[in-house]
Amino acid sequence: MTTPLITTSRWGNKDGHTLDGYIKSGGYQALQRALGLTPKEVHEEVKKASLLGRGGAGFPAGVKWGFLPENVWPRYLVVNGDESEPGTYKDRILLERDPHQLIEGCLITCYALGLSQCFLYVRGEMAHGQERVAQALNEAYEAGYVGKNILDSEFSVDIVLHWGAGAYIVGEETALIESLEGNRGMPRLKPPYFPASIGLYGKPTIVNNVETLANIPWIVLNGGDAFAKIGAEQSTGTRIFAVSGHVNKPGVYEVEFGTTTFRDLIMGEEYGNGIRNGNELKAFIPGGASAPWFFEEHLDMPLEKTAVDQAGSMLGSGAIVVMDNTTDIVKACHNLVRFFARESCGKCAPCREGTSWLEKILQRIIDGNGRSQDLDLLLDICDNISPGISWPPKQTTICPLGPSAVSPISSAIKRYKEEFDKYLSKSKPNIPVQIKSGAG
Amino acid sequence: MTDTFKNETKVAFTLNGQEVHANAGENLIEACSQAGVDIPHFCYHNRMNSVGMCRMCIVEVDTGRGPALQPSCMLDVTEGMNVDTESDTTKKAQDGILEFLLLNHPLDCPVCDKGGECPLQDQTIAYGPGETRFVEEKRHFEKPIPINENVYLDRERCILCDRCTRFADEVVGDPLIHFIDRGNETQVNTFPEDPFASYFSGNVVQICPVGALTAKPYRFKARPWDLEEIESTYPNPLGDRITIQSSRDEVLRFQGLDSDTVNWGWLTDKDRFSFQAFQSEYRIQEPLVRGSGLNKPDKSAKGLVAASWNTALEMTAKAIQNSTPNKIAFIGGARFTNESQYAWTKLAKGLIGTDNVDATLSDDLPAHVLLGLQRTTINEICSPGSTVLLIGSDLKEEYGTLYIRLRDAVTNMGANLIELTPVETGLSNIASLSLRPRPGEIGKVINSILSGESPLEIGGVSKESIQACHELLQDKQINVIFGRQSITESTEPLTQALTLLKDIPGTKFLPLVRRANTSGAFFMGMAPGQLPGQLPLDADKRKYLSDWENLPNEKGMSTDQILKAAGDGEIDVLFLLGSDPLRDYRNPELASKALQMTKTVVAVDLFVNPSTYESDIIFPAAAFIEVNGSHTNTEGRITPIRQKVTSPGTARPDWMIAAEIAAQLNHDLKIEKPDDVWDEIQAANISNDEITFQNIKSSPEGLILQFGTETPFRKADLNIDTRPFDSYSHRLVLSKKMFDNGTIIQMSPALKNFTSNSEVLINPVDFSSIGITEGQPVTLINGEKKISVVVKPDERIPRSIAFGYLNQDGVDLRALISDGSESIDIRIDPTAKVI
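Quick note, the sequences are listed as chains F and Z, same order.
Everything in the first sequence is counted per this note's numbering, starting at 89 for the first residue and increasing by one.
Everything in the second sequence is counted per this note's numbering, starting at 43 for the first residue and increasing by one.
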């Protein structure tokens, strides 16, 4: 492949995370260049790049930036570094191996949007990443890249590093804002819906993912057009995918966005290098635990947002989890649902009660106490959390965490119902509790 | 919640196929309710910010992008919105959510206090699937745990609607209960070592949509369907609206009534749980007289014995007949209904012919101040962008529901609060500006604020603060909430301040009166120099009071003067109308002497308290839950008080006791029922308002009395001259706390344990510079007067102030008060010994 490495170019360097190593490999040149442009010009470059958000929803970053209302100050940039979905670990490596690239991305973004305060929210469990970022920030402050009058210009920014406490839900941007404000990390639902108009401390706030911001220096240095030329028409640039599960070579790989296929990534020698032990592929999750599953017939689909969306799933957080034919689908399903049940913040009744109910039923089926009506029940509970069980999901909850638990169940039952039936047929004749009709 | 924020523009939207109209910006759940469509909900509460947590109120809404399920409590109505609350999708979702909420709910309804008035139960019957599909083990928690002395929490029943936690945090600013843990393990709880010590904790029981929060005084006492209820008014200065609920002639609880104008449904714990006192076994049930029925100054016959009404009335009449009008005096009556106040004024002034009548204990402002200022309303104070000048003490301690309303106005409506209080209060953290003027010097502080000119420091306030305050008040319509900053401060400095503020056009006032119905008492003439209808004693209109035959011409004595005269043996008969000067008057020594020296002390009260215990004749009075009448709150709002239960023993309404005494004096007071009072006032043409008893009973938001019309406000001497403050002294501030040793609190088992030991608080810097040993009592000296008390450091107290709460356990801090000065400065001596 001739695709340039945009975000992962320093991963192989031993000193990629230090200021010296970063500058040696062309670091902070984009900032220099940006400061020579007007903020509007920088914003234009990012718009031209049509850089899609790399956090999960895939919303174009340049457009999101444009939502900031005029003349409302102060306003903030918040970096969402709370990556915690099972199978997703690309941001962690970015934080550990190239923290300055992120800092430079933040600085350029702040310059483009006229911000002077940035908050870097890093997930609680990423101790190493947090240390690396802290160290990098100290270096950058010292060297005058962050702080007052950056590179002797009029431009000043403060970056505050905030260490989360390890809740998955805080990856949801409004919950992240709540957490940053010192509250319980629970999603907000207050019209207006976008933090861009009312966010952190009630002020306009842009929340961007780590990988999204890591792309910014390259875009400024090489131009938005150059970025847009890479990849597919609507999925531009490169993207980092985290491949895990039953492959021979799990890992994080930067590939051209929109043109590379799932087969390339899972089977390709330089990437996943095929299914382990020569087994057959049973299913794979294309975009993190909350995405509906794909199967063998999807392998030749390109890693392209629109195509994947249309096929009824998403690229989401860029986590591809591969399951081979030795996988017990019911248990896999239970494993994922349990994650969501445990990570539900407890705010909305359908998610708080529904996900743990789903988990309990799946556990009961695995324990051999399933009942014939349990599959319908599972799907009906799913329907009450996410009406219609369609894609993109509708939801009776504030945020998509509840509906996320629906994806594995609906995917698994749709494709591998017989595995559930096998559990049910082996079930003991009596369930612990008898239900009489009419009991309230 | 912020009704006044509502845009008055109407928008049209479609509701279940019908076009309906609502105010733009109104939230959908309210708009639907007004259009007659009730949407089920649990977390939504009209007096709190929406959180959209329970998801029960989701309905299908189409705003042009296709129908989608949206929580109606979080959505503003917009033009052309298409709302379907009955579609299959809506119904399916609501059924599903109800099922989710019931999954882990224990369904112990048969033994749950909430059963019968439970929104979860009601909505399950109205919307639920009727059958459970949940066969797993339910979530378990330890069954009810106390979160404070009066409130129990059953976490199994809790549906996590965030109402109680939101109330604690947002409404009253006591964030002591929280969600803890996550997901299905989420629970409401207190911090491990801190109980939910809020003055307003009973409200969370009232707003809990399930039986998770229950109040100890009501637990297992009744089933809701056995309760009868009546709407009434709690006799406190704000006139909080309540419902009184009873069963078998016993009141079992008070609930807040959601009145738009006053308390929004909230109550303080002090009022909510006080129903216990009114039904205490210690209530006086029949008249009591001293010894063998003596009418002599000799108090050697100590015991009080039960007597018939006839005996007591005869003794009272004889005492009156054996005296002359100017030797007869009346103290109290500020807790009576308006009608009883009129009856007693008529007895005293119209019949006996004495003007020695004072409803207060000389601790409220004089009648001409309270009647001479134009009043504002709570809603006017609590409106978007209003400017509020608070002069006085901590509203959180003394005027709980006003504290809640004002807090809401500042946090949700952008009202600007400027606080002039001697120490930090419950509102300081949200005030635009907090100034700490020393008591006694408020007059000159206000003078500087209004002129904008000030020396470097005046009355404890810096020049910068004076100027900041001056700017905030510029060209604003000011709502002044005022009360005395401390009972050690005379009324003169505050009257000076009000004299200055009164001259600013548009300024309106809300007095913080000390007792429930001081406004009514003054309106009804229960003050020296006053007649009913706000008339001064010498008003031309007095001729209309046709059967007030013996109206005096000379202005009588105030409580201060009455007690002094009584102490000098110049009073023959002293009536104590629900008042306890021994405990409440600021000079207990003088009060005690007065009671000793008066020939006959006649008390009308609910309980034997220190003062009634020293009386010669005691009439048992009916409590407010046992009478019909009306109450005037500090806005001048008249609302009904309604009888719910019968009085214990032979206790009678206060007005009836006055009528009986008149009859014993061979006069007909012509008051046979509360209505007669208003008929008489109407007939006398002394009130401009169309107030009849019928109107009072039928007006849900009450009738407003206009003040500032008949009684002229007498300007204070503006030659402001306070004695110099010496930097070795501490200015004494004595204030009320919500819970003290007052009779009603001490007669309520739920409340009586909340008093604390008397102590004096000073600034930590002063504390360390004086060199006090923590925990050791030190001597406080005011001239001849000395007490020994524990002094503690406290950040909320400014330098050079010594702060204490009145009427707590142990040392009586009133012992430091000397009469005749605008303020009191004390010395703290860590070495002196009290002899």
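For each residue, glycine too, the CB sits at the ideal point set by N, CA and C.
Everything numeric in this text was worked out from a predicted model, so none of it was measured.
Closer than 6 Å by C-beta to I776 (chain Z): which residues in its own chain qualify, once you throw out the five before and the five after it? Chain order, please.
-> The residue given as residue 776 (chain Z) occupies position 734 in the second sequence. For the sequence presented, residue 776 (chain Z) should be read as Leu rather than Ile. Closer than 6 Å at Cβ, skipping near neighbours: S528, I529, T530, G846, L848 and L855.
Tell me, please, whether the CB atom of R283 (chain Z) is closer than 7 Å to any CB atom in chain F?
-> As a position in the second sequence, residue 283 (chain Z) is number 241, starting the count at 1. It does not; no Cβ of chain F falls within 7 Å.
Return the chain-ordered ranges of every alpha helix (DSSP H) run that is complete within the region 539-592 of chain Z and spans a minimum of 4 residues.
-> 560-565
Pull up the distance between the alpha-carbon of L389 (chain Z) and that of F661 (chain Z), whole angstroms please.
-> Sequence index remark: in the second sequence, residue 389 (chain Z) carries index 347 (1-based). Sequence index remark: in the second sequence, residue 661 (chain Z) carries index 619 (1-based). Roughly 16 Å between the two C-alpha positions.
Grab me the residues of E612 (chain Z)'s own chain with a C-beta within less than 7 Å of its C-beta, minus the 5 sequence neighbours each way, in chain order.
-> Counted from its first residue, the second sequence places residue 612 (chain Z) at position 570. So the qualifying residues of the chain are K369.
Does the region 136-151 of chain F touch the region 299-311 of chain F, meaning 3 or more C-beta pairs lie closer than 8 Å?
-> yes
C436 (chain F) - DSSP class collapsed to helix/strand/coil | As a position in the first sequence, residue 436 (chain F) is number 348, starting the count at 1. Coil at C436 (chain F), not helix or strand.
Give the straight-line distance between the Cα atoms of D108 (chain F) and A228 (chain F), rounded to the nearest whole angstrom.
-> The count along the first sequence starts at 1 and reaches residue 108 (chain F) at position 20. The count along the first sequence starts at 1 and reaches residue 228 (chain F) at position 140. Distance between the alpha carbons of D108 (chain F) and A228 (chain F) is about 10 Å.
Apart from the five residues on each side of it in sequence, which residues of its chain come closer than 6 Å, Cβ to Cβ, to D388 (chain F)?
-> Numbered from 1 along the first sequence, position 300 holds the residue referred to as residue 388 (chain F). Cβ neighbours of D388 (chain F) beyond the five flanking positions: T349 and R351.
Cβ pair P481 (chain Z), S865 (chain Z) closer than 7 Å = As a working mapping, residue 481 (chain Z) is identified with position 439 in the second sequence. As a working mapping, residue 865 (chain Z) is identified with position 823 in the second sequence. Cβ atoms of P481 (chain Z) and S865 (chain Z): closer than 7 Å.
Coarse secondary structure for T820 (chain Z), derived from DSSP in three states = Locating residue 820 (chain Z) in the second sequence gives position 778, counting from the first residue. According to the sequence shown, residue 820 (chain Z) is Val rather than Thr. In the structure shown, V820 (chain Z) sits in a strand (DSSP, three-state: E or B).
In three-state terms, what does DSSP make of D509 (chain F)?
-> Numbered from 1 along the first sequence, position 421 holds the residue referred to as residue 509 (chain F). Residue state, collapsed to three classes: helix.
So which of F:K317, F:E158 and F:E342 has the shortest CA-CA distance to I286 (chain F)?
-> Residue mapping note: residue 286 (chain F) aligns to position 198 of the first sequence, counting from 1. Ranking the options by Cα distance to I286 (chain F), first place goes to F:E158.
According to DSSP, which residues form a beta bridge with N651 (chain Z)?
-> Sequence index remark: in the second sequence, residue 651 (chain Z) carries index 609 (1-based). DSSP, once it has assigned bridges, lists no residue as partnering N651 (chain Z).
Are the beta-carbon atoms of I814 (chain Z) and V820 (chain Z) separated by less than 7 Å?
-> Taking the second sequence and counting its residues from 1, the one referred to as residue 814 (chain Z) is at position 772. Taking the second sequence and counting its residues from 1, the one referred to as residue 820 (chain Z) is at position 778. Less than 7 Å divides the Cβ of I814 (chain Z) from the Cβ of V820 (chain Z).
Sort out for me which residues DSSP pairs P682 (chain Z) with in a bridge.
-> If you number the second sequence from 1, residue 682 (chain Z) lands on position 640. According to DSSP, which records beta bridges pairwise, P682 (chain Z) is partnered with Z:S672.
Report the neighbours of N146 (chain Z) on chain F: residues whose CB is nearer than 8 Å to its CB, in chain order.
-> Walking along the second sequence from the start, residue 146 (chain Z) turns up at place 104. E441, listed in chain order.
Can you name the residues of chain F whose CB is closer than 8 Å to the CB of C74 (chain Z)?
-> On the second sequence, position 32 is the one that residue 74 (chain Z) refers to. Chain F residues near C74 (chain Z): none, gap ~17 Å exceeds 8 Å.
Would you kindly work out how many angstroms separate the C-alpha atoms of L403 (chain Z) and N88 (chain Z), rounded to a whole number?
-> Numbered from 1 along the second sequence, position 361 holds the residue referred to as residue 403 (chain Z). Numbered from 1 along the second sequence, position 46 holds the residue referred to as residue 88 (chain Z). Answer to the nearest angstrom: the Cα atoms are 40 Å apart.
Mind checking which residues open and close the alpha helix (DSSP H) that includes D164 (chain Z)?
-> Locating residue 164 (chain Z) in the second sequence gives position 122, counting from the first residue. P161 to Y169 is the extent of the alpha helix (DSSP H) around D164 (chain Z).
Compile a chain-ordered list of the residues in the region 417-438 of chain F whose CB is closer than 8 Å to at least one CB of chain Z.
-> A429, R430, E431, S432, C433, G434, K435, C436, A437 and P438
Establish whether the CB of C96 (chain Z) and some CB of chain F are separated by less than 7 Å.
-> Here the question's residue 96 (chain Z) lines up with position 54 in the second sequence. For C96 (chain Z), the answer is yes, since a Cβ of chain F falls inside 7 Å of its Cβ.
Which one of F:L391, F:I373 and F:P390 has the shortest CA to CA distance from F383 (chain F)?
-> Here the question's residue 383 (chain F) lines up with position 295 in the first sequence. Selection F:L391, F:I373 and F:P390 evaluated against F383 (chain F) yields F:I373 as nearest (Cα-Cα).
So which residues of chain Z does T484 (chain F) contact, with C-beta pairs closer than 8 Å?
-> Translated into the one-based positions of the first sequence, residue 484 (chain F) becomes position 396. Correct list: R97, I100, L111, A135, G138 and I139.
Report back the beta-carbon spacing between A137 (chain F) and E192 (chain F) to the nearest angstrom; my notes put them in contact at under 8 Å.
-> Counted from its first residue, the first sequence places residue 137 (chain F) at position 49. Counted from its first residue, the first sequence places residue 192 (chain F) at position 104. Contact flag wrong, Cβ pair sits at about 16 Å.
Hey, how far is the Cα of I219 (chain Z) from the Cα of A665 (chain Z)?
-> The residue labelled residue 219 (chain Z) in the question sits at position 177 within the second sequence. The residue labelled residue 665 (chain Z) in the question sits at position 623 within the second sequence. If you take the alpha carbons of I219 (chain Z) and A665 (chain Z), they lie about 35 Å apart.
Answer yes or no: does any C-beta atom of chain Z fall closer than 7 Å to that of N310 (chain F)?
-> The residue you call residue 310 (chain F) lines up with position 222 of the first sequence. Taking CB atoms only, N310 (chain F) has no neighbour in chain Z less than 7 Å away.
From this set, F:T126, F:G375, F:A222 and F:L264, which residue's C-alpha is nearest L288 (chain F)'s C-alpha?
-> Numbered from its first residue, the first sequence carries residue 288 (chain F) at position 200. Here the closest residue by C-alpha is F:L264.
Report the rounded CA-to-CA distance for P92 (chain F) versus N310 (chain F), giving the unit in angstroms.
-> Reading the first sequence from its first residue, position 4 is the one you call residue 92 (chain F). Reading the first sequence from its first residue, position 222 is the one you call residue 310 (chain F). Taking the straight line from one Cα to the other gives about 11 Å.
Leaving out the 5 sequence neighbours to the left and right, which residues in its chain are closer than 7 Å to V452 (chain Z) when beta-carbon positions are compared?
-> On the second sequence, position 410 is the one that residue 452 (chain Z) refers to. Cβ within range, chain order: L459 and I472.
Pairwise C-alpha distance: S513 (chain F) and E441 (chain F) | Within the first sequence, residue 441 (chain F) is the residue found at index 353, counting from 1. Within the first sequence, residue 513 (chain F) is the residue found at index 425, counting from 1. Whole-angstrom Cα-Cα distance: 28 Å.
Spatial neighbours of P339 (chain Z) in its chain, beta-carbon cut-off 6 Å, leaving aside the 5 residues before and after = Reading the second sequence from its first residue, position 297 is the one you call residue 339 (chain Z). Its pLDDT being 40, under 50, P339 (chain Z) is placed unreliably in this model, and the coordinates cannot settle the point.
What number of angstroms, rounded off, separates the C-alpha of S427 (chain Z) from the C-alpha of E631 (chain Z)?
-> On the second sequence, residue 427 (chain Z) is found 385 positions in, with the first residue counted as 1. On the second sequence, residue 631 (chain Z) is found 589 positions in, with the first residue counted as 1. Per the sequence shown, residue 427 (chain Z) should be read as Gly rather than Ser. About 48 Å.
For P475 (chain F), return the contacting residues in chain Z, with the cut-off set at a CB-CB distance below 8 Å.
-> If you number the first sequence from 1, residue 475 (chain F) lands on position 387. Near P475 (chain F) (Cβ distances below 8 Å), the residues of chain Z are L111, T131, K134 and A135.
Three-state secondary structure assigned by DSSP to D412 (chain F) | The count along the first sequence starts at 1 and reaches residue 412 (chain F) at position 324. If DSSP states are grouped into helix, strand and coil, D412 (chain F) belongs with the strands.
Establish whether the CB of F142 (chain Z) and some CB of chain F are separated by less than 7 Å.
-> Locating residue 142 (chain Z) in the second sequence gives position 100, where the first residue counts as 1. Answer yes: the Cβ-Cβ gap between F142 (chain Z) and chain F drops below 7 Å somewhere.
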